[in-house]
Structure formats: structure tokens, C-alpha cells
Amino acid sequence: MTDFLYLCYFVILHLLLVALLVYVLQLRYRLKQRHTVQTSTFSQVQDPAQNDSQITSSTPQTSEAWRDKVSSLISQHLHQTGLHTGDIAQMLYMSKRSFQRRFKAEFEMTFGSYLMMVRMTSAKALLQESLLVSEVAARCGYSDLSYFCFCFKQYYGVSPSHYLPQRPHQLTQRHNNKPDDR
14 MTDFLYLCYF VILHLLLVAL LVYVLQLRYR LKQRHTVQTS TFSQVQDPAQ
64 NDSQITSSTP QTSEAWRDKV SSLISQHLHQ TGLHTGDIAQ MLYMSKRSFQ
114 RRFKAEFEMT FGSYLMMVRM TSAKALLQES LLVSEVAARC GYSDLSYFCF
164 CFKQYYGVSP SHYLPQRPHQ LTQRHNNKPD DR
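Here's what the structure looks like:
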């Protein structure tokens, strides 16, 4: 009788494992379909006689699409104060290091340099709309106003307050330094 129970137990356990395996494989297939992201194909080594063993990362079409996707993600999350390579890499379902390597190969600069360029370009455009410096800093992802001013001055050579376009009421106040005749 115990042999029969062991056999039944073994058969049931085997069926449960097969069902679990089928479920995991179906789940994997569904996740692949849901989260398909265009990423580069495996790097291919060119003929050493042609280009000194240079490695190509991907075809130009996928490179352009990848650059557009990364630029779009950075623009969408520009207001976040702690935007790092790991955040964008996670959104693209890549490891942080793979993202850094591909980013540098595609954009020919580091992620930090590119992020600074995008933030400063955005800040310049927002300042031209006569927004407050503190509001511009927040919209560009800076929580510390003094650090934003420091970065802006390093990048453009002038502080954000000096870059602001002169508003009509500010111009009259600066030019009328004499007190009121009341």
C-alpha cells in the first residue's frame, strides 16, 4: 500500500512541476511580447583587414531609433531631480553599464554631459519666456537654486539672472533712481 502512495505522490508531483514549467514559459512569452524594445543587435566584428578590428554596435536605422527613444525619455523626465543613467537604462530594459557604453558610442559624449546640455538648453529657452529663475531651475530638474545658477554660469558664462530678458517695469525702476516727489 505504501508503494502505491509513493507512486501516486510522485505522479502528482511530476504533473505539478510540468504545469508550473508550462506556466512559467507562457509568462515569459507574454512578457517578451509586452516589453519588446528596440535594442541593438549583437555587436559584430568587421574584417580586420578592412577597419582594424573596429566593432559596430548596430545598423544606422536602429541607432537612429534608439537615439530618438533615449532623447524622448530624457525630455519626458527632465524635471526629475535625480535623473541618472540607471533610471533611463531601466526604462529601456538594459543594464546600467550596457546603457552607458551604448550611449557613449551613439551620442559621442557621456550621459552626464548630454543631460547637462539638454538641461541648459531647456533653461535658456525657459528664461527667454521670462519665467522666474527658481521656476526654471525646478523645471530643469534642479532642486537647489544655487547649484542651478552655478551650473548655468559654468555653461554659458553668465548667471541666469543676468540672462533674463528685461521686463518693462524693471527697466523703468532701474532708470528712475530718484525718489518720488510726494
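Here my numbering runs 13 ahead of the position in the sequence shown, where the first position is 1. Yeah, the Cβ is synthetic: ideal placement off N, Cα and C, and Gly gets one too. Bear in mind the structure is a predicted one, so any value in this text is a computation, not a measurement.
CB residue i to CB residue j, shorter than 8 Å?
i: TYR169; j: TYR176; result: yes
i: PHE112; j: ARG80; result: no
i: GLY125; j: LYS109; result: no
i: LEU158; j: SER147; result: yes
Per DSSP, what kind of secondary structure is residue i in: helix, strand or coil?
i: TYR155; result: coil
i: LEU29; result: helix
i: GLU142; result: coil
i: VAL35; result: helix
i: GLY99; result: helix
i: GLY125; result: helix
i: VAL171; result: coil
i: TYR176; result: helix
i: SER108; result: coil
i: THR15; result: helix
i: GLN93; result: coil
Suppose the cutoff is 8 Å on Cβ atoms and the five residues either side in sequence are ignored; what does the same chain contact list for residue i look like?
i: TYR155; result: THR94, ARG132, PHE161, CYS164
i: SER88; result: VAL131
i: LYS137; result: TYR169, TYR176
Identify, in the order they occur along the chain, each residue of the same chain with its Cβ nearer than 7 Å to the Cβ of residue i, setting aside the five sequence neighbours on each side.
i: ARG152; result: HIS92, LEU139
i: THR123; result: LYS117
i: LEU40; result: none
i: ARG43; result: none
Could you give the C-beta distance for residue i and residue j, rounded to a whole number, given that I count them as a contact under 8 Å?
i: LEU105; j: LEU128; result: About 15 Å; that fails the 8 Å criterion.
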